[in-house]
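*Asks:* In this note's numbering, the protein residues as written are 1483 to 1723.
Just so it is clear, CB atoms sit at the ideal spot from N, CA and C, and this is done for glycine as well.
1) Could you spell out the range, first to last residue, of the beta strand (DSSP E) harbouring residue 1620?
2) Taking only the alpha-carbon atoms, compute the straight-line gap between residue 1561 and residue 1711 and give it to the nearest angstrom.
3) Expressed to the nearest angstrom, what Euclidean distance is found between the alpha-carbon atoms of residue 1628 and residue 1669?
4) Look at residue 1624 and residue 1653 and say whether their C-beta atoms are less than 8 angstroms apart.
5) What's the C-alpha gap between residue 1626 and residue 1671?
6) Following the continuous beta strand (DSSP E) through residue 1596, name the residue where it begins and the one where it ends.
7) Counting along the chain, where does the beta strand (DSSP E) carrying residue 1636 start and finish?
8) With distances taken from CA atoms, which of 1648, 1527, 1621 is nearest residue 1683?
9) In the DSSP assignment, find the unbroken alpha helix (DSSP H) run with residue 1670 in it and report its ends.
10) Taking 6 angstroms as the limit between beta carbons, can you name the residues of its chain near residue 1705, skipping five residues before and five after?
11) By how many angstroms is the C-alpha of residue 1677 removed from the C-alpha of residue 1639?
12) List the DSSP bridge partners of residue 1606.
13) Rounded to the nearest angstrom, how far is the Cβ of residue 1636 from that of residue 1674, given a contact under 8 angstroms?
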């Protein structure tokens, strides 16, 4: 057994994404554009683009917006030239936070990220200060009640690295980043549709927050998430609802 309230936290995250759908579309469109620029506009031959497009579809992003973002990346339409940058720091109680950004102005972005950290009780750290607390992997989470034995058999056959049941009944499948799409496709073909599926930075440990500290930590995470240049936030913090 592993994980603390994994299912509740996934549902909480999805709910917050739904509340901010317009901003979510903008961030996904950026990722699609960068993925298409780096690896071409055909999702069948560009794994990063495939993941981004799948994420867009899961958020019900209109097809024309997806197509426009791809064309900006391939140069068929004029677009902004984004660069990728990652910031690392500490939240309440020293919880680790990594912030992935896509920006056209790194000076602006680092100033905004630093301000969000300092205003809400955190500290922006140096490169590598918390990265060792995370694992780069594919992560798929299935709803409580999923047939664990059947899922495990299918996942192992598909090439997954690990399968674990969480204390809330959800089941987690971990893959190598390069095997994520193949495992996801194989599991869906076998009838197992994940509620959450991304290539992510999975925390190796967890810091559980409750009470006032959970409120403070959530405010910090929200402040970072509300920045236009921020794409993804990874943290060891678990907010106990």
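*Replies:* So, from the data block:
1) 1616-1624 is the extent of the beta strand (DSSP E) around residue 1620.
2) Each residue's alpha carbon lies about 15 angstroms from the other.
3) Approximately 12 angstroms, taken between the alpha carbons.
4) Cβ atoms of residue 1624 and residue 1653: closer than 8 angstroms.
5) Rounded to whole angstroms, residue 1626 to residue 1671 spans 20 angstroms at the Cα level.
6) Boundaries around residue 1596 are those of the alpha helix (DSSP H), 1588-1601, since no beta strand (DSSP E) includes it.
7) Premise fails: residue 1636 lies in the alpha helix (DSSP H), 1630-1640, not in any beta strand (DSSP E).
8) It is 1621 whose Cα lies nearest to the Cα of residue 1683.
9) Boundaries of the alpha helix (DSSP H) around residue 1670: 1662-1671.
10) Contacts found: 1598, 1602.
11) Counting only the Cα atoms, residue 1677 lies some 20 angstroms from residue 1639.
12) Residue 1606 pairs with 1571.
13) Contact holds; Cβ gap of about 6 angstroms.
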